[in-house]
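As structure tokens, the structure follows; a few thoughts come after it.
Residue numbers (the numbering used here): -16 to 641.
Right under this line is the structure:
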């Protein structure tokens, strides 16, 4: 069956990451063996490995009830289980936001966060770090009935009074009820860990059921969805875009697409209902609907596809290629593949990976130069004759030259240490604008403003004031970053590492600034939602403000962490370059000293220099093998810059006073 497109690409991406991780692991082993004094270099490589290890490809499904989101997940995961995995029967759909992933173990587990936690302002992200607040159900993933039984718990509801539902932030218009009670989800959030091949290879799926789930949990809109690499908006092919669909699109997804740059696609699910009318051409009807939805949602028509998740699931269970093709599920998977490829390119271009690969290439080039210089020295000494006075004089000159080079390396290292201290002293001024104290002051001022005037207009002004303060702090940070970058330019300009452009080492807050501006626009749109416009001072409005503040705080924490990492690592290419050159020269000096002593006694022994060449040649061969592995991976990262190879040791400039 030709339905393996998504699986093949996810598996290929997973192999690429694992191959690159092995390459970095082997480079660490190489450094430990051939360059023990390389703690800084190993830290650079470890950061690259951490990036690869933490990476996941997240697909979020958004849509009203009965749009087939759960069935779509079942179809995606059906290769392993061959049947419906998640509950999707009428009246037993997924009721709370659900995250499906693999934690790397063979044990399957459902973790459920009680709905009562909505009575607090504690974020979902914070609750992830409080395991005792969750209710856990472990099950055997090989037992289909046990699996279904455990996962059916996600669909549980509970009956509460309308007043209690309102306190939690639910809109009664979107709740089922009987008598004086309404039904709300029993759980606030569900985490499902499954030992599934696609999930184990990095796929993560987030199901957000219904407008209530998004409107009642601002964190989903402001944090969870923007972190996804692909967002699928599900519509029903027999109904098109309903009023609630359009409300969800305009409130939650338009700001996400326009202000956060998230890739959004629209899926017309249940196209099999179009097959039932013999008087109509199903393909023409679908094409007409795609065009209408594309125009209404202002989406490229290529990002609007029709599928039948139910028929795709049935086709895979019965191994029916004709039905699978009719379901058009491969068109949805092709859109996911495009998003996966875009994500892969971003990861491949990440600075951490580039810096680690550049480190490998520069180490290789230094070793080549040392090897070429050693060979030239050996050949020259051999031509002089074993007993000639010229050989002794040549050895003295070689020893003196290497000694001077070694001294220059030592001086340059001292200069770099001084430069590192100067750069580290920039930390306080760099981080002052985005300190926790500055942010807390903004939060306190916002809460005071809201307390004085809690209304839709007051909420709008409070948000504007809060994000205006954030923008002011980022402007101050930007000025400090410019000064630090100029210092980095000056340090690199006086260095001997010519194949690194200092501008590539600059710290850049443009991405953070764009994300925070996008967050502001998204929050401004979200505050106009009916739930917040009609709300008085309740948990939902408090949670909305707290979520916005938490998300800004999270981005600030990321900036602080990035600044700290940058300050620690920005000079590492220079330090590694000089330290390794000094290391090679030190070994060369030892060999020349041994050779000079032996020549004075025997005047015939050049083997000590040959031993160094053999050692360096072995180290170089092993390192070049590692670099060739990068080129062998599918769609490789561009190779690191290669310095010009000469027959002499790279000359080192005399150190410049800081």
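Heads up, the beta-carbon is just placed ideally off N, CA and C, and yes, glycines get one too. Quick caveat: nothing in here was measured; it's all calculated off a predicted structure.
Kindly give me the distance between the Cβ atoms of residue i and residue j, rounded to whole angstroms, as I take these residues to be in contact under 8 Å.
i	j	result
residue 381	residue 360	6 Å
residue 294	residue 306	6 Å
residue 178	residue 91	6 Å
residue 248	residue 318	5 Å
residue 350	residue 606	7 Å
residue 169	residue 98	6 Å
residue 303	residue 256	About 19 Å; that fails the 8 Å criterion.
residue 151	residue 104	So it is not a contact: roughly 12 Å between Cβ atoms.
From the DSSP secondary-structure annotation, give me the bridge partner or partners of residue i.
i	result
residue 166	142
residue 119	94
residue 82	174, 189
residue 213	42
residue 251	218, 289
Which residue's Cα is closest to the Cα of residue i: the options?
i	options	result
residue 378	172, 143, 574, 486	574
residue 467	492, 39, 312, 441	492
residue 695	336, 429, 375	The requested residue 695 does not occur in the structure, where the chain is confined to residues -16 to 641.
residue 428	508, 404, 448, 441	448
residue 116	129, 131, 96, 108	96
residue 141	385, 160, 123, 128	160
residue 182	603, -4, 402	-4
residue 591	605, 85, 572, 228	572
residue 240	402, 211, 336, 258	211
residue -10	262, 49, 61	61
residue 213	490, 170, 325	325
residue 39	329, 201, 94	329
residue 357	597, 539, 148	597
residue 452	535, 438, 390	535
residue 406	559, 26, 473	473
residue 402	542, 34, 558, 164	558
residue 642	153, 30, 120, 41	Missing from the structure shown is residue 642; the chain here goes from -16 to 641 and no further.
residue 137	440, 110, 190, 496	190
residue 543	88, -8, 478, 412	412
residue 108	52, 604, 529, 509	529
residue 133	552, 144, 120, 125	120
residue 267	476, 254, 279	254
residue 4	-8, 410, 259, 31	31
Excluding the 5 residues preceding and the 5 following residue i in the sequence, name in chain order all residues of the same chain whose CB lies nearer than 7 Å to its CB.
i	result
residue 561	392, 395, 396, 399
residue 315	250, 288, 290
residue 563	18, 346, 349
residue 602	17, 350
residue 227	47, 194
residue -6	184
To which residues of the same chain is residue i closer than 6 Å at the C-beta, ignoring the five residues directly before and after it?
i	result
residue 616	Unreliable placement is indicated for residue 616, whose pLDDT of 41 sits below 50; the coordinate value is still reported in the next sentence. So the list reads -1, 2, once near-sequence residues are dropped.
residue 83	175, 188
residue 6	609, 612
residue 567	353
residue 299	61
Return helix, strand or coil for residue i, following the three-state DSSP convention.
i	result
residue 151	coil
residue 41	strand
residue 51	coil
residue 660	Any answer about residue 660 is impossible in this case: the structure gives the chain only from -16 up to 641.
residue 226	helix
residue 553	coil
residue 244	coil
residue 160	strand
residue 356	helix
residue 282	coil
residue 11	helix
residue 109	helix
residue 104	coil
residue 416	helix
residue 483	coil
residue 492	coil
residue 33	helix
residue 478	coil
residue 258	helix
residue 125	coil
residue 629	Low per-residue confidence applies at residue 629: pLDDT is 34, beneath 50, and the placement is therefore not dependable enough to give any value.
residue 333	coil
residue 87	coil
residue 179	coil
Using 8 Å as the limit for Cβ to Cβ distance, is residue i near chain C?
i	result
residue 247	The question asks about chain C, but that chain is absent: this structure has only one protein chain.
Once the 5 residues before and after residue i are set aside, which same chain residues still bring their CB inside 8 Å of it?
i	result
residue 556	338, 341, 342, 345, 480, 483, 488
residue 273	251, 284, 287, 288, 289
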